[in-house]
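Residue numbers (this note's numbering): 97 to 269. For each residue, glycine too, the CB sits at the ideal point set by N, CA and C. Take a look at the structure below.
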């Protein structure tokens, strides 16, 4: 099984990063690749509608991501909660999935959501709904959602219960 982990936090060693690492550790034995979306050049969707042909016309790092997305069996969407939504790079990434709306290339792929927030799960309702609607539209199944309360960089490392939950999610893949 191939796992593509998308880390959309600027904080390396932060809560989103650490939780993704725990999930990947739990999924030992499976092939995985972890990408930091803040490290990539992903331009905004321009609504040119060229993607209706099945390919995006914007020449940036997203063109390298499309084959990785297509070859993955599981995609981890990791983002801190920013103003009740995903981080900017994650939103740019999600918008650029539009070429898949005219295909079935993502059908039945599994998704994991990892969204730490200062306020806890209740604050994540809107962003979870955004992911649910978007991924359902693309035919993906959300296999698990992890919404821990964590704000300060690395704070989640002091929460052994949540770290174990992340490892168990990885092991269940």
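Suppose you measure from the CA of residue 109 to the CA of residue 117; what does that come to, to the nearest Å? Taking the chain shown and counting its residues from 1, the one referred to as residue 109 is at position 13. Taking the chain shown and counting its residues from 1, the one referred to as residue 117 is at position 21. Spanning the two alpha carbons is a distance of roughly 10 Å.
Integer-rounded CB distance, given that residue 180 should sit under 8 Å from residue 222: Numbered from its first residue, the chain shown carries residue 222 at position 126. Numbered from its first residue, the chain shown carries residue 180 at position 84. Right, the Cβ-Cβ distance comes to about 5 Å (below 8 Å), so this counts as a contact.
Under 8 Å between C-beta atoms, does residue 234 make it to chain D? This model lacks chain D altogether; it includes just one protein chain.
Please classify residue 125: is it buried, with 16 or more other beta-carbons within 10 angstroms of its beta-carbon, or exposed? Your numbering for residue 125 matches position 29 in the chain shown. Exposed, since its Cβ has fewer than 16 Cβ neighbours within 10 Å.
Drop a sphere of 10 angstroms on the beta-carbon of residue 113, count the other beta-carbons inside from all chains shown, and report buried for 16 or more, exposed for fewer. Within the chain shown, numbered from 1, the residue matching residue 113 stands at position 17. Counting Cβ neighbours within 10 Å, residue 113 comes out buried, since at least 16 surround it.
Cβ-Cβ distance between residue 239 and residue 207 below 8 Å: As a working note, residue 239 is residue 143 in the chain shown. As a working note, residue 207 is residue 111 in the chain shown. Taking 8 Å as the Cβ cut-off, residue 239 and residue 207 qualify as a contacting pair.
For residue 190, which of 103, 99, 98 has the nearest alpha-carbon? As a position in the chain shown, residue 190 is number 94, starting the count at 1. Per the Cα distances, 103.
Locate the alpha helix (DSSP H) running through residue 231, then write down its first and last residues. By one-based count along the chain shown, residue 231 stands at place 135. 221-233 is the span of the alpha helix (DSSP H), which, as asked, contains residue 231.
Where does residue 151 land, buried or exposed, given buried means 16+ other C-beta within 10 angstroms? Numbered from its first residue, the chain shown carries residue 151 at position 55. Here residue 151 is exposed: its Cβ has fewer than 16 other Cβ atoms, across all protein chains shown, within 10 Å.
To test your reading of the DSSP string, which unbroken beta strand (DSSP E) runs of 3 or more residues are found completely within the stretch 177-263? 206-210, 237-242
Distance between residue 269 and residue 138 (C-alpha atoms, nearest Å): Your numbering for residue 138 matches position 42 in the chain shown. Your numbering for residue 269 matches position 173 in the chain shown. About 28 Å.
Taking the alpha-carbon positions, what's the residue 210 to residue 173 distance? Within the chain shown, the letter at position 114 stands for residue 210. Within the chain shown, the letter at position 77 stands for residue 173. The straight-line gap from Cα to Cα measures roughly 6 Å.
Inspect the beta-carbon positions of residue 141 and residue 192 and report whether they are closer than 8 Å. Stepping through the chain shown from its first residue, residue 141 is reached at position 45. Stepping through the chain shown from its first residue, residue 192 is reached at position 96. Contact: yes.
Please state the DSSP three-state secondary structure of residue 164. Within the chain shown, numbered from 1, the residue matching residue 164 stands at position 68. Of the three classes helix, strand and coil, the one that applies to residue 164 here is helix, per DSSP.
Secondary structure at residue 97, three-state DSSP: helix, strand or coil? Counted from its first residue, the chain shown places residue 97 at position 1. Looking at residue 97 - three-state DSSP - the assignment turns out to be coil, as it is neither helix nor strand.
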